[in-house]
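**Q** Terminal number for the sequence shown in the working numbering: 645, no gaps in between. Heads up, the beta-carbon is just placed ideally off N, CA and C, and yes, glycines get one too. Next up is a structure, given as structure tokens.
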Amino acid sequence: MRFSFSNFGRNRSTMATINTLEQYQQEYQKSVNDPEGFWAEKAEQFVWKKKWDSVLDWNFSEPKNKWFIGGKLNITENCLDRHLEKRADQIAYYWEPNDPHAKAVSYTYKQLHEQVCKFANVLKNNGAQKGDRICIYMPMVPELAIAVLACARIGAVHSVVFGGFSASALSGRIQDSDCKIVICTDGAYRGAKGIPMKDTVDEALEVCPSVEKVIVLEHTQSNIRMVEGRDVMWKNEMEKVNADCPAEPMDAEDMLFILYTSGSTGKPKGVVHTCGGYMVYTQYTFENVFNYREGEVFWCTADIGWITGHSYIVYAPLLSGATSVMFEGVPTYPDAGRFWQVIDKYKVNIFYTAPTAIRALEVAGLDFVKPYKLDSLRVLGSVGEPINEEAWNWYNINIGKGKCPIVDTWWQTETGGMMISPIAGVTKTKPGFATLPLPGVQPILVDDKGNEIIGNGVEGNLCIKFPWPSIIRTTYGDHERCRQNYFATYPNLYFTGDGCKRDEDGYYRITGRVDDVMNVSGHRIGTAEVESAINMHADIVESAVVGYPHDIKGQGIYAYVICTNKNKDQEALRKEILAEVTKVIGPIAKPDKIQIVSGLPKTRSGKIMRRILRKVAEGEMNNLGDTSTLLDPNVVEEIKAGAL
Ligand code: 7RM
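What follows is the structure in structure tokens.
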């Protein structure tokens, strides 16, 4: 069949295609029997500048994962331009500020298109070209989404760094991908706090020679330093340009963005996603998992600094022509009713948040929920960490009033989009279970030797055996690291790093990381990263960090440290360690507990026995398992005696 451009991107539905369990089963079967045909059909609903020559070329040994090969597109044309005919005046974003009394702002599709085109021209005026990396370090203001889309418009690669990271974490990410431009704000509001973003950028850039320009958006009107020749103001630059900016034709496999994420070893890795497959997969999962219906209001409370915000605040809702809420603040400011107030204000139909927020709001009590109707809600979502049954039930009863399906969506930065999840209104849910794989996703459980675990009522390491369109392509600048991390543990499988149960019904329940990655309030943090930050302290010779169960955060951070200075005041040392971690990574990585020890439990070959440290941190002192390989058993006795 010859490709005809005129039919492309037309007659597309912006509605879910899976509305019954039977349809789910049919779609799933088709996606396994004929993955290429399945995804080609989904892809045909978009605007392509040139159709792909072939759908998929893959192997997990290099790894190589290419989708829609030879296809040309620009994702922003699909997010913006193609909606202008039908929904120019529809709201794309309602922006709700941190301070409920500050001015809320909204953008229609037409206005958003115009802002994106203008800012894309600003980027060009400041030297940006296709393929250049651009770092975005901003709080949750509409201009963050505009900056992301403007990069995509001209084919520059965005690398968004979460606004809570420190100068040193920021400079590490800028250096790793040689960013040419940084986009930031003067400052940020976070609850009652003010945060100096531009000062942090200035500090980071002392060691980032690749950066030629900094574009600063005025947001908090705080005092900032402007570096002559390097720094320009967003507003001034926008006055110099018009809104005419043709979308750069991109190869389906050209890089769309880099997003850094923590692993079990070393520095954070730059996960790379490309244009075509990411577009097709995020939009498909958005519409189906949430059973999205034309005209509905969607609110994802994540920060755009994480993958959830990239996929389900920026790209997928716009691809679907949806109306989204974007929120600058935090769940507990000015009080723990803020989420519920915002839901009523915008009549949110689909609400997507993290278990850590649900638990914090549950603890605050129902008095904060009662004043609100919440009657616009139709679907609730959860993401980022395992949701405990109690939080699930509280969410279901008090927020969903027992009538909103909860979709517990399991996925990762590396997967680009949701992978294992109920389909709202279709899949029967079970508290704590992500339930079933989405069409196109082929999960497999393996034991530690890599043997497949067959049948139901089993538990193992979660892997995926076939590529899906938004699978990680590489880790920026180091393809071998990508292979090592995800494709080498078990040959010919993508390894997620998660443990997983499959129950009698074939339902999947993610049990948490099986590697040295912690999940603290839904943030991924490597134990090795925190250790290396702690070890920067002059009095610390060695440290070991583990996660432990925490009522609200999901996991807390427990650090064991060896101090060389015997006269050091312990409280002073703890404070200095917290300051050090805040400086090297950011406040999200601060240990909750710091135990000062004289030694760490090691094997004869010198490996720290983390299993023992984990048990002690969990309070399971009398159940340490096999300790026969310990070099010095006395160390363990001391650690048990001093446990916090
Ligand atoms: C989307 C995101 C990924 C890690 C992942 C899991 C954990 C995420 C769930 C979950 C249980 C869930 N990306 N995780 N969602 N665990 N149930 N529904 O969070 O790259 O930041 O983190 O988060 O351990 O490997 S992420």
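1) Would you mind listing the beta strand (DSSP E) stretches within the segment 422 to 492 that are 3+ residues and don't spill past its ends, in chain order?
2) Under 8 Å, do residue 221 and residue 187 count as touching if we go by C-beta distance?
3) Do residue 183 and residue 136 have their C-beta atoms within less than 8 Å of each other?
4) Any heavy atom of ligand 1 closer than 7 Å to the beta-carbon of residue 307?
5) Quick check on this structure: which residue in 342, 391 and 632 has the alpha carbon closest to the alpha carbon of residue 99?
6) In whole angstroms, give me the CA-to-CA distance for residue 646 and residue 445.
7) Take every Cβ of the segment 567 to 584, pair it with every Cβ of the segment 511 to 527, and state whether three or more of those distances are shorter than 8 Å.
8) Excluding the 5 residues flanking residue 525 on each side, which residues of the same chain have their C-beta closer than 8 Å to its C-beta?
9) Whole angstroms are fine: how far does the CA of residue 150 sit from the CA of residue 53?
10) Taking only the alpha-carbon atoms, compute the straight-line gap between residue 416 and residue 479 and give it to the nearest angstrom.
11) With a Cβ-Cβ cutoff of 8 Å, do residue 562 and residue 544 count as a contact?
12) Comparing C-alpha positions only, which one of 41, 582 and 586 sits nearest to residue 594?
13) At a cut-off of 7 Å, would you count residue 465 as near ligand 1, judging by its Cβ distance to the nearest heavy atom?
14) Output the distance between the C-alpha atoms of residue 84 and residue 555, rounded to the nearest integer angstrom.
15) Buried or exposed: residue 46, going by 16 or more other Cβ atoms within 10 Å of its Cβ?
16) Looking only at DSSP bridge pairs, what is residue 543 linked to?
17) Flag this pair as touching only if the segment 369 to 389 and the segment 397 to 409 have three or more C-beta atom pairs under 8 Å; answer yes or no.
18) Beta strand (DSSP E) containing residue 380: first to last residue?
19) May I ask you to check if the CB of residue 380 is nearer than 7 Å to at least one heavy atom of ligand 1?
20) Determine contact between the segment 452 to 463 and the segment 496 to 504, defined as no fewer than three beta-carbon pairs at a distance below 8 Å.
21) What are the boundary residues of the alpha helix (DSSP H) that residue 362 is part of?
22) Are there any heavy atoms of ligand 1 lying less than 7 Å away from the beta-carbon of residue 462, as far as the coordinates show?
23) By how many angstroms is the C-alpha of residue 404 removed from the C-alpha of residue 379?
24) Does the Cβ of residue 5 have 16 or more other Cβ atoms within 10 Å, making it buried, or fewer, making it exposed?
25) Got a sec: does ligand 1 put a non-hydrogen atom nearer than 7 Å to the Cβ of residue 472?
26) Are residue 160 and residue 180 closer than 8 Å when you measure CB to CB?
27) Assuming residue 618 is part of the alpha helix (DSSP H), what are its boundary residues?
28) In chain order, what residues of the same chain have a beta carbon less than 6 Å from the beta carbon of residue 81, not counting five sequence neighbours either side?
29) How many whole angstroms separate the CB atoms of residue 392 and residue 356, which I take to be in contact at a CB cut-off of 8 Å?
30) In its own chain, which residues sit with a C-beta less than 6 Å from the C-beta of residue 291, not counting the 5 before and 5 after it?
31) Restricting to runs no shorter than 3 residues, where is the beta strand (DSSP E) found entirely within the segment 184 to 218?
32) State the DSSP-derived secondary structure class of residue 405, mapped to helix, strand or coil.
33) Using a Cβ-Cβ cutoff of less than 6 Å, which residues in the same chain neighbour residue 340 once the five nearest sequence positions on both sides are dropped?
**A** Reading it off the structure:
1) 444 to 447 and 459 to 465
2) As a position in the sequence shown, residue 221 is number 220, starting the count at 1. As a position in the sequence shown, residue 187 is number 186, starting the count at 1. Yes; because the gap between Cβ atoms is below 8 Å, this pair is in contact.
3) Here residue 183 is taken as the residue at index 182 of the sequence shown, counted from 1. Here residue 136 is taken as the residue at index 135 of the sequence shown, counted from 1. Against a cut-off of 8 Å, the Cβ pair of residue 136 and residue 183 comes out as a contact.
4) By 1-based counting over the sequence shown, the position of residue 307 is 306. Result yes, Cβ under 7 Å from ligand 1.
5) Taking the first residue of the sequence shown as position 1, residue 99 is located at position 98. Of the candidates 342, 391 and 632, the one whose C-alpha sits nearest the C-alpha of residue 99 is 342.
6) No information on residue 646 is available, as it lies outside the stretch 2 to 645 that the chain covers here.
7) no
8) Taking the first residue of the sequence shown as position 1, residue 525 is located at position 524. Excluding residues within five positions, the ones whose Cβ falls inside 8 Å are 262, 263, 414, 518 and 519.
9) As a first step, residue 53 is located in the sequence shown; it is residue number 52 there, counting from the start. As a first step, residue 150 is located in the sequence shown; it is residue number 149 there, counting from the start. One C-alpha to the other measures close to 23 Å.
10) If you number the sequence shown from 1, residue 416 lands on position 415. If you number the sequence shown from 1, residue 479 lands on position 478. The straight-line gap from Cα to Cα measures roughly 18 Å.
11) To locate residue 562, count along the sequence shown from 1; it is residue 561. To locate residue 544, count along the sequence shown from 1; it is residue 543. Yes, these two residues count as a Cβ contact at 8 Å.
12) Reading the sequence shown from its first residue, position 593 is the one you call residue 594. Residue 582 is the option with its Cα nearest to residue 594.
13) Within the sequence shown, numbered from 1, the residue matching residue 465 stands at position 464. Because no heavy atom of ligand 1 lies under 7 Å away, the Cβ of residue 465 does not count as near it: no.
14) Here residue 84 refers to the residue found at position 83 when the sequence shown is read from its first residue. Here residue 555 refers to the residue found at position 554 when the sequence shown is read from its first residue. Their Cα atoms are separated by approximately 40 Å.
15) Looking up residue 46 in the sequence shown gives position 45. Label assigned to residue 46: buried.
16) As a working note, residue 543 is residue 542 in the sequence shown. Answer is 563, bridged to residue 543.
17) yes
18) Within the sequence shown, numbered from 1, the residue matching residue 380 stands at position 379. Looking at the DSSP string, the run of the beta strand (DSSP E) that includes residue 380 is 380 to 384.
19) Residue numbering aside, residue 380 sits at position 379 when the sequence shown is read from its first letter. For ligand 1, not one heavy atom lies less than 7 Å from the Cβ of residue 380.
20) yes
21) Start at 1 with the first residue of the sequence shown, and residue 362 comes out as number 361. First-last of the alpha helix (DSSP H) with residue 362: 356 to 365.
22) For the purposes of this step, residue 462 is identified with residue 461 of the sequence shown, where counting begins at 1. False, no ligand heavy atom lies under 7 Å from that Cβ.
23) For the purposes of this step, residue 379 is taken as residue 378 along the sequence shown, with counting starting at 1. For the purposes of this step, residue 404 is taken as residue 403 along the sequence shown, with counting starting at 1. Answer to the nearest angstrom: the Cα atoms are 8 Å apart.
24) The residue labelled residue 5 in the question sits at position 4 within the sequence shown. Residue confidence for residue 5 is low, a pLDDT of 37 falling below 50, so the modelled location carries little weight; the figure read from the coordinates is stated next. Exposed, since its Cβ has fewer than 16 Cβ neighbours within 10 Å.
25) Against the sequence shown, residue 472 aligns to sequence position 471. False, no ligand heavy atom lies under 7 Å from that Cβ.
26) On the sequence shown, residue 160 is found 159 positions in, with the first residue counted as 1. On the sequence shown, residue 180 is found 179 positions in, with the first residue counted as 1. In this structure, residue 180 lies closer than 8 Å to residue 160 by Cβ.
27) The sequence position of residue 618 within the sequence shown is 617, counting from 1. Looking at the DSSP string, the run of the alpha helix (DSSP H) that includes residue 618 is 611 to 619.
28) For the purposes of this step, residue 81 is identified with residue 80 of the sequence shown, where counting begins at 1. Answer for residue 81: 114, listed in chain order.
29) Reading the sequence shown from its first residue, position 391 is the one you call residue 392. Reading the sequence shown from its first residue, position 355 is the one you call residue 356. 5 Å between Cβ atoms; contact.
30) Taking the sequence shown and counting its residues from 1, one reaches residue 291 at position 290. 351, 380 and 425, listed in sequence order.
31) 189 to 191, 194 to 196 and 214 to 218
32) The count along the sequence shown starts at 1 and reaches residue 405 at position 404. Coil, per DSSP.
33) In the sequence shown, residue 340 corresponds to position 339, counting from 1. Excluding residues within five positions, the ones whose Cβ falls inside 6 Å are 332.
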